[in-house]
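Residue 24 is where the sequence shown starts when you use this note's numbering, and the numbers rise one by one after that.
The beta carbon of each residue, even a glycine, is placed where N, CA and C say it ideally should be.
What follows is a short report on a single structure.
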Amino acid sequence: MNFRGLDLREYLRFMVSGAAAIGAYLLLFEAFRRGLAVPLWAATGAAYGLATCLNYWLNYHWSFASKETHRSAFLKYGVIALTSVTLNAVTVPFLVSQGLQPSVAGFTFAITWPIFSFFAQKYWAFKGAA
Numbered sequence: 024m025n026f027r028g029l030d031l032r033e034y035l036r037f038m039v040s041g042a043a044a045i046g047a048y049l050l051l052f053e054a055f056r057r058g059l060a061v062p063l064w065a066a067t068g069a070a071y072g073l074a075t076c077l078n079y080w081l082n083y084h085w086s087f088a089s090k091e092t093h094r095s096a097f098l099k100y101g102v103i104a105l106t107s108v109t110l111n112a113v114t115v116p117f118l119v120s121q122g123l124q125p126s127v128a129g130f131t132f133a134i135t136w137p138i139f140s141f142f143a144q145k146y147w148a149f150k151g152a153a
């Protein structure tokens, strides 16, 4: 199903992959923090890293069915992920300084970034998609 060149099924798979990564992050974070009594900084880092790997794997194999080499795709995906973290760290405080409530600023970034991320992944990181 296409809408002006956008494959809506592909975008839906991308969103499901993102939701799965968020769910994995939350479960892993709690498992590390509560179940294994890992320090907070380590629980956060480990859960985020593993969830990011899951998101990469799902997007590479399922969302975009990429034919890119893993080396190329993973490096590009890493750039996109680092861009996301950096922009979030800059954008949310900026929006708060402009008068938005922190939760509104975070939500604004959380709903707009995936749109940019989708196109960066589709046309750059996983451009060799079938």
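Here DSSP, grouped into helix, strand and coil, assigns Leu118 to helix. Only buried fits Ser140, as 16 or more other CB atoms lie within 10 angstroms of its CB. Nearest to Glu33 by C-alpha distance, out of Ala70, Ser89, Phe132, Trp64, is Ser89.
Between the stretch 39-51 and the stretch 77-89 there are three or more inter-stretch CB-CB distances shorter than 8 Å, so the stretches are counted as touching. Spanning the alpha carbons of Ala65 and Trp136 requires a straight line of approximately 25 Å. Beyond the five residues adjoining it in sequence on each side, Trp147 comes within less than 7 Å, by CB distance, of Lys99 in the same chain, given in chain order.
The stretch 91-105 and the stretch 116-135 do not touch, with fewer than 3 CB-CB distances between them shorter than 8 Å. When the five nearest sequence neighbours on each side are left out, the beta carbons in the same chain lying within less than 7 Å of the beta carbon of Thr114 are those of Phe132, in order along the chain.
Linking Asp30 to Phe37 through their CA atoms gives a straight-line distance of about 11 Å.
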